[in-house]
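Below is one structure; the comments refer to it alone.
Chains as they are written, first to last, in the working numbering: chain H, 16 to 189; chain D, -14 to 694.
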């Protein structure tokens, strides 16, 4: 077989155009969502799935923001209402209310938790250099949950630290 | 060429443990002249030795070699099978297990015990005349007296065939083993080494001339080369021992000059090898790559028949699935019947598949029973009682997890039976019983659970002694009349022992409460039956599996909870005359003679309640840790088997809840943990007593208002 021939068969870079597909970037991707009117975002690689809101089974004596547990294909997944957790807006359940299920691997153990948010909005490409540290001036969201802030057009998106979100035993107040 | 042998170590370990188990059980059944059994013990020891040698676990090889020699003498009929030897061999098996466990856990083992044991083995071997005479014939020519202090100089010519390394043998390992016998110096002969172009990397072209200063016998040296015997030319000669050291080196030079034409690589080869020899065993340990993960999840050996049946079932499932999808692609109402039939078949298939998968986790209980012959053997030696152990129902299958956790409680019960149950021989004879005591271990299925019985034909439990002891401990007062079973239940109280003297087997009073706790944590129960003078029976009732439980679905408010069926004593509709409010805000229900505290679940779990009068609710009387409580629920729903899912995985332990499960409609329901609920209620009561929470008493008052209305 002629090596020259083989070489010609290999597609040249750019032959299959990736134009218009903007998800191939150097930065990290974040899923943005709304809590009241504020925009928040989490690392998209942690997102297991986005579910519609359904009534979970209550866990006895759990804090009010832990809504209960649901059955996600045989896995018992606890549901946390982020609006109640962070005390942002009102916890009403309407058509756009969704549950973002996040999975994080910590210490050889994966943990899956669902978070209730008002709506999911967009996927955001963020270069690490664009992330600004959040100023520690009050606010409802405790500082350790914040990964940083990103400016998107007119708006500011708050990046949340998924690892801290998943430490559910630290959520416990009672 | 080097094959990474470490990958085979786990299977070596597994096989060795199996071999040890075989050795142990065969030793216990060993009788005079039983060649077949001796042979199988010998084979097991031999393959452990061989395996250990392959992987360079020299201390295992050495120790096993001694065991093997002893066994060999028995096999050849040169040694009679004495009880002492069997005992020694059993202890040696323990030592081998220690050694192999040390390898598995990658740690140092208790070398003192091993050394002591190997010394005893050597003594036993030395004591036997046959070994002496054998040793004497070997040394007959020059050392007629004591051969142990006798350092001889051996010349070993080792000419391996070219393909030796391809069979997985490494000459270096052999030389290491030789170095353990004594001081070794060696020289390589490179005469046959072809030119670089002609070298096949997988062939071995070298041969060696080794000089060994050792008191080892020729047989010992041959032993080292045992695995390569057929693949090499081996000439072992003994030189006159009293030569001064200079003469030794001289001899080496003589050899060198004899093979003058060959290149002499001694200078290059010897130093690294000798450095290796300097620290034989520790080096092996540190060199070992840490490949094994510490959190070993374990493995199950599954019978091929089980796997086959699984495959068959999956095949059927696939057929049903394709039938249904074909039906679905072109469906009209005329085919409803076929659809129903298909769904029926699917149901059947899934059920069978589920059972089949659960069966994989099931192991015959003989895995747990196997250790008892040895245990009873040792204990009867120690106590001087003659005891026969009868095992029944060994094929009864039990979940692997349950099996692992039931082992220790069973050991405890068997120890108790030997120590407290079976009387000394003279007492037995005086009572007209056979001298030999009997302990029966039996396992059988009963409904959805497995029953394990440990019975002895000993003295039985002295009811009065137990009662007196309980009086002494203040657990009962004199006036209480107790049924037999209630008295025997006292045995499981912490710190309870009626043994007059504490022995090192049992009697310290720690244990029975732990036994009960362990069994309860598995969701099981333990009962005692005993007749004085006739013996006693401990009956352990265990669920077949920990993954599935029989549950009673109950409704509280809008929530559905599951109460494990095994904890439920009875369910009843409360009558208001029988409800008493005592000490302010505690509700008691008069259940025949008992006063059962009533615990409203809605209150404990902070959920809204629905009923208005206490008569409209139901009382489920449950029991845990000997405490009965009445759980107040709104409704009893179905009884069904539920698959237990842990809440810990994604959440955390919740008090009063042992787990969750998924119901038929896909929703999640919590499984109640009765012991936890009792604990919660107790803590809550304590807090209330301290703070007199107004809300609490208000709720209770409103309930009793309902009662009195």
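Note that beta-carbon positions come from the ideal geometry of N, C-alpha and C, so glycine has one too.
message: Under 8 Å: do the stretch 77 to 88 of chain H and the stretch 540 to 553 of chain D share three or more Cβ pairs, one atom per stretch?
response: The stretch 77 to 88 of chain H makes no contact with the stretch 540 to 553 of chain D, as fewer than three CB pairs between them are under 8 Å.
message: For residue 582/D and residue 615/D, what's the separation of their Cα atoms in angstroms?
response: Rounded to the nearest angstrom, the two C-alpha atoms are 6 Å apart.
- prompt: Taking residue 41/D as the reference, which of 147/D, 525/D, 156/D and 284/D has the closest Cα?
  reply: Selected option, being the one with the closest Cα: 156/D.
Beta-carbon proximity check, residue 44/D vs residue 138/D, cutoff 7 Å: Taking 7 Å as the Cβ cut-off, residue 44/D and residue 138/D do not qualify as a contacting pair.
query: Would you report the Cα separation of residue 86/H and residue 30/D, rounded to the nearest angstrom?
result: Looking at the two C-alpha atoms, the distance is approximately 53 Å.
task: Please classify residue 337/D: does DSSP put it in a helix, a strand, or coil?
output: Residue 337/D falls in the helix class under three-state DSSP.
Cβ-based neighbour list, residue 562/D, same chain, cut-off 6 Å, excluding 5 preceding and 5 following: Excluding residues within five positions, none has a Cβ falling inside 6 Å.
query: To the nearest angstrom, how far is it from the Cα of residue 90/H to the Cα of residue 328/D?
result: Going from the Cα of residue 90/H to the Cα of residue 328/D covers about 25 Å.
task: Could you please give the first and the last residue of the uninterrupted alpha helix (DSSP H) stretch that includes residue 313/D?
output: Note, residue 313/D: alpha helix (DSSP H), 289 to 314.
query: Between the stretch 646 to 674 of chain D and chain H, which residues of the former have CB atoms less than 8 Å from a CB of the latter, in chain order?
result: When C-beta distances to chain H are compared with 8 Å, the residues of the stretch 646 to 674 of chain D below that value are 647, 651, 652, 653, 654 and 655, in chain order.
- request: Tell me whether residue 404/D is buried or exposed, calling it buried when 16 or more other Cβ atoms sit within 10 Å of its Cβ.
  value: Residue 404/D counts as buried, since at least 16 other C-beta atoms from the protein chains shown sit within 10 angstroms of its C-beta.
- request: Determine, using beta carbons only, whether residue 172/H and residue 44/H come nearer to each other than 7 Å.
  value: In this structure, residue 44/H does not lie closer than 7 Å to residue 172/H by Cβ.
- request: Under the assumption that residue 73/D contacts residue 39/D (Cβ atoms under 8 Å), give the Cβ distance between them as a whole number of angstroms.
  value: With 8 Å as the limit, residue 73/D and residue 39/D do not qualify as a contact, their Cβ atoms being about 27 Å apart.
- prompt: With a cut-off of 7 Å, does the C-beta of residue 128/H fall near any C-beta of chain D?
  reply: For residue 128/H, the answer is yes, since a Cβ of chain D falls inside 7 Å of its Cβ.
Neighbour flag for residue 74/H against chain D, beta carbons, 7 Å: Answer yes: the Cβ-Cβ gap between residue 74/H and chain D drops below 7 Å somewhere.
query: Short check: CB of residue 434/D to CB of residue 349/D, under 7 Å?
result: Residue 434/D is not a Cβ neighbour of residue 349/D, given a cutoff of 7 Å.
message: With distance defined between alpha-carbon atoms, name the residue in 628/D, 603/D, 5/D and 427/D nearest to residue 619/D.
response: Of 628/D, 603/D, 5/D and 427/D, the smallest CA-CA separation from residue 619/D is found for 603/D.
query: Within 10 angstroms of its Cβ, does residue 172/D collect 16 or more other Cβ (buried), or is it exposed?
result: When all chains shown are included, residue 172/D counts as buried.
query: Do we get a CB-CB distance below 7 Å when we pair residue 635/D with the residues of chain H?
result: Judged by the 7 Å Cβ criterion, residue 635/D is in contact with chain H.
message: Check this for me: beta carbons of residue 443/D and residue 478/D, under 7 Å apart or not?
response: Contact flag unset, no.
- request: Go ahead and label residue 52/H buried or exposed: buried means 16 or more other beta carbons lie within 10 angstroms of its beta carbon, across all protein chains shown.
  value: Label assigned to residue 52/H: exposed.
field: Residues of the stretch 70 to 103 of chain H whose Cβ lies closer than 9 Å to any Cβ of chain D, in chain order
entry: Cβ contacts with chain D: 70, 71, 72, 73, 74, 75, 76, 77, 81, 83, 84, 85, 86, 89, 90, 91, 92 and 93.
task: Could you spell out the range, first to last residue, of the beta strand (DSSP E) harbouring residue 162/H?
output: Boundaries of the beta strand (DSSP E) harbouring residue 162/H: 161 to 167, taken from the DSSP string.
task: Could you name each continuous beta strand (DSSP E) segment of 3 residues or more that falls completely within the stretch 17 to 82 of chain D, going from the start of the chain to the end?
output: Within the stretch 17 to 82 of chain D, no run of beta strand (DSSP E) reaches 3 residues while sitting entirely inside it.
- prompt: Applying the criterion that 16 or more other CB atoms from any shown protein chain within 10 Å of the CB defines a buried residue, is residue 646/D buried or exposed?
  reply: By the 10 Å Cβ count, residue 646/D comes out buried.
query: In whole angstroms, what is the alpha-carbon distance linking residue 630/D and residue 543/D?
result: Near 21 Å, if we compare the C-alpha coordinates of residue 543/D and residue 630/D.
Identity of the residues DSSP links to residue 520/D by a beta bridge: DSSP output for residue 520/D lists 516/D as bridge partner(s).
query: Cβ of residue 188/H less than 7 Å from any chain D Cβ?
result: At residue 188/H, the pLDDT of 44 sits below 50, so the modelled position is not reliable and the matter cannot be decided from this model.
task: Report yes if the CB atom of residue 47/H is closer than 7 Å to the CB atom of residue 137/H, and no otherwise.
output: It is a contact, given that the beta carbons lie within the stated cut-off.
Simplified DSSP assignment, three categories, for residue 124/H: If DSSP states are grouped into helix, strand and coil, residue 124/H belongs with the strands.
query: Would you say residue 536/D faces chain H, with C-beta separation under 7 Å as the test?
result: Judged by the 7 Å Cβ criterion, residue 536/D is not in contact with chain H.
- prompt: Mind checking if residue 698/D is an interface residue toward chain H, Cβ cutoff 7 Å exclusive?
  reply: The structure shown does not extend to residue 698/D, since chain D spans only -14 to 694, so no value can be given for it.
message: Strictly under 7 Å for the Cβ-Cβ distance: is residue 501/D near chain H by that measure?
response: No - not a single Cβ of chain H is within 7 Å of the one on residue 501/D.
query: How would you label residue 591/D, buried or exposed, when you count the other beta carbons within 10 angstroms and need 16 or more for buried?
result: By the 16-neighbour rule on beta-carbons within 10 angstroms, residue 591/D is exposed.
Three-state class that DSSP yields for residue 48/H in the structure shown: Note: residue 48/H maps to strand in three-state DSSP.
field: Short CB-CB distance (under 7 Å) between residue 421/D and chain H
entry: Closer than 7 Å: no.
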